[in-house]
Amino acid sequence: MRLLFLFLLLASVIFYSVPVQSTNEITPDLLLSYVDTQLKIGYRIPGTAESHEFMRFVANFTEKTDSWQIQFHNFTYDGVELANILITKTSYGSVKIGENNSYFPKILIGAHFDSRAKATKDPLFNDRPVPGANDGGSGVAIILGLMKALDQFNLDIGFVLFDAEDQGYDRDAGIPGWSWIIGSTRFAEALSVSQVNKLENFILLDMVGDKDLQLKRERNSDAELTNEIWNIASEMGYGQFMNTSGYSLIDDHIPFINRGITSVDIIDFDFPYHHTVNDDLSSISGESLFAVYDVVLSWVLSINNLSSSLTDNVSLSSTFSVSSVKRNASLEIFYSLIFVPVFFKKIKRLSKS
Ligand SMILES: [Zn+2]
Numbered sequence: 022m023r024l025l026f027l028f029l030l031l032a033s034v035i036f037y038s039v040p041v042q043s044t045n046e047i048t049p050d051l052l053l054s055y056v057d058t059q060l061k062i063g064y065r066i067p068g069t070a071e072s073h074e075f076m077r078f079v080a081n082f083t084e085k086t087d088s089w090q091i092q093f094h095n096f097t098y099d100g101v102e103l104a105n106i107l108i109t110k111t112s113y114g115s116v117k118i119g120e121n122n123s124y125f126p127k128i129l130i131g132a133h134f135d136s137r138a139k140a141t142k143d144p145l146f147n148d149r150p151v152p153g154a155n156d157g158g159s160g161v162a163i164i165l166g167l168m169k170a171l172d173q174f175n176l177d178i179g180f181v182l183f184d185a186e187d188q189g190y191d192r193d194a195g196i197p198g199w200s201w202i203i204g205s206t207r208f209a210e211a212l213s214v215s216q217v218n219k220l221e222n223f224i225l226l227d228m229v230g231d232k233d234l235q236l237k238r239e240r241n242s243d244a245e246l247t248n249e250i251w252n253i254a255s256e257m258g259y260g261q262f263m264n265t266s267g268y269s270l271i272d273d274h275i276p277f278i279n280r281g282i283t284s285v286d287i288i289d290f291d292f293p294y295h296h297t298v299n300d301d302l303s304s305i306s307g308e309s310l311f312a313v314y315d316v317v318l319s320w321v322l323s324i325n326n327l328s329s330s331l332t333d334n335v336s337l338s339s340t341f342s343v344s345s346v347k348r349n350a351s352l353e354i355f356y357s358l359i360f361v362p363v364f365f366k367k368i369k370r371l372s373k374s
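Mapping to the working numbering: the sequence shown position 38 is 59, numbers consecutive.
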């Protein structure tokens, strides 16, 4: 009898300690705070201590979830050690990038996490770095929000955060001699044929926090998938998704398009503080971040035949799955930064240089 009581007590403790996450927890202020956290880490310039600190932050964030795991795709560019960050569901097993028949998610949502080393369009301070609240920070913040909102669902989906997107030449070089979209190019080129075949859609989030958010349809994006997302936005009443054509942009979706993957770039390129020191927290709004978060979440749920009302009233028994094999990601990045050769034995290195 005493044993039964103990068992029931233990069972109830386990049951009630399971965090029930609801999309109601994701607010405009929370998304804005995710940008603020990145700015407080510092300039996420490729190869710097702040860039590594950002990676540790994402590793810790992932560790606190129930269902997500993190992996680092390490590579070298111009003699600098860089890394893309891949986040997938623990329940599907780890991704071996470049290996045929290794798991790869069906849907990938991406953003770049680096911030530009030089504010090359700033009329006064063009030698200073860009804070990157909108350019980098906004897409990352939405992905963190989506990780939290989708933690309770066992979905065939992943997130990727790219290093070294934003260091190319406009009026001057971000980093001398560097090109644009370095991380995403290395990542997409490294995928095996079976992984490319598995990946159905790539959605890129870039500069989505502008206070006056105007998301025109990016011209290199897949028209049909763009329609799908913009129609959801229209149904939800988010006028930020506009029915006009925007620019043709070289952005992190291009390497995926080059591999034949149906891709969309959600971007507002008419950002008045683009590549200036004023790309800070005061230039973006939580409402803009939330609009994009909400539309992308609804799209993800709709293609998985789930309605967004489900996320507010989720049944624990049907969606909660125990993840016993989640790796200690924060420890792994720590070792990867110090004992690089050891780390490379664990995750296949795909450097071409
Ligand atoms: Zn940029």
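For every residue, glycine included, the Cβ atom is placed at its ideal position computed from N, Cα and C.
Nothing here was measured: the structure is a model prediction, and the numbers come from that model.
Query                                                                                                                   : Result
Where the beta strand (DSSP E) containing GLN188 begins and where it ends                                               : Looking at the DSSP string, GLN188 is not in any beta strand (DSSP E), and its letter there is neither H nor E.
Proximity of ALA170 and LEU310 at Cβ, strictly below 7 Å                                                                : no
Residue(s) in a DSSP beta bridge with GLN92                                                                             : LEU107
Limits of the unbroken alpha helix (DSSP H) element including SER255                                                    : 244-257
Cβ contact (3+ pairs, closer than 8 Å) linking the region 185-194 and the region 135-152                                : yes
Close Cβ partners of GLY281 (< 8 Å) along its chain, the five nearest in sequence each way excluded                     : VAL217
Three-state class that DSSP yields for PHE262 in the structure shown                                                    : strand
Cα-Cα separation between ILE106 and LEU234, rounded to whole angstroms                                                  : 27 Å
For LEU145 and GLY119, the rounded distance between their alpha carbons                                                 : 45 Å
Simplified DSSP assignment, three categories, for ASP227                                                                : strand
Minimum C-alpha distance to ASP156 - residue among LYS237, ILE305 and LEU176                                            : ILE305
Integer-rounded CB distance, given that VAL316 should sit under 8 Å from MET228                                         : About 15 Å; that fails the 8 Å criterion.
Where PHE9 falls: helix, strand or coil (DSSP)                                                                          : In the structure displayed, the chain extends from 22 to 374; residue 9 sits before or after that span and is not available.
Status (buried if at least 16 other CB within 10 Å, exposed otherwise) for SER357                                       : Annotation note: pLDDT 37 at SER357 (below 50); position unreliable, coordinate value reported separately. It counts as buried.
Heavy atom of ligand 3 within 6 Å of ASP156 beta-carbon                                                                 : For ligand 3, the structure offers nothing, since it holds only ligand 1.
Range covered by the beta strand (DSSP E) that runs through THR283                                                      : 283-288
Backbone secondary structure at LEU371 - three-state DSSP                                                               : Unreliable placement is indicated for LEU371, whose pLDDT of 33 sits below 50; no coordinate value is reported for it.
ASP50 classed as buried or exposed, judged by whether at least 16 other C-beta atoms fall within 10 angstroms           : exposed
CB-CB length for ARG238 against SER266, believed under 8 Å                                                              : 5 Å
Residues of its chain near HIS295, where Cβ-Cβ distance is below 7 Å and the 5 sequence neighbours each way are ignored : LYS142 and ASP156
Three CB pairs or more closer than 8 Å across the region 149-164 and the region 52-59                                   : yes
Stretch pair the region 239-248 + the region 174-186: three plus CB contacts closer than 8 Å                            : no
Helix, strand or coil at TYR113 according to DSSP, with G and I counted as helix                                        : helix
Alpha carbon of GLU308 to alpha carbon of TYR113, nearest angstrom                                                      : 33 Å
Run of the alpha helix (DSSP H) containing ILE178, from where it starts to where it stops                               : First-last for ILE178: 178-183, but that is the beta strand (DSSP E), not the alpha helix (DSSP H).
Outcome for LYS85 when other beta-carbon atoms lying within 10 angstroms are tallied against a minimum of 16            : exposed
Beta-carbon proximity of PRO152 to ASP273, cut-off 7 Å                                                                  : no
Buried versus exposed, by CB contacts within 10 Å (16 or more), SER284                                                  : buried
Simplified DSSP assignment, three categories, for VAL313                                                                : helix
Cβ distance (whole Å) where GLY166 is taken to contact TYR55 below 8 Å                                                  : 7 Å
Cβ-heavy atom distance, ASP187 to ligand 1, below 6 Å                                                                   : yes
Boundaries (first-last residue) of the beta strand (DSSP E) holding ILE203                                              : Segment 203-211 is the alpha helix (DSSP H) holding ILE203; no beta strand (DSSP E) there.
Straight-line gap, TYR64 to PRO150 (C-alpha atoms, nearest Å)                                                           : 7 Å
Neighbourhood of PHE292 by C-beta distance below 8 Å, restricted to the same chain and skipping five residues each side : ASN155, ASP156, MET228, ASP231, ASP300 and SER304
Pairwise C-alpha distance: LEU225 and ILE278                                                                            : 12 Å
Distance between ALA70 and LYS110 (C-alpha atoms, nearest Å)                                                            : 28 Å
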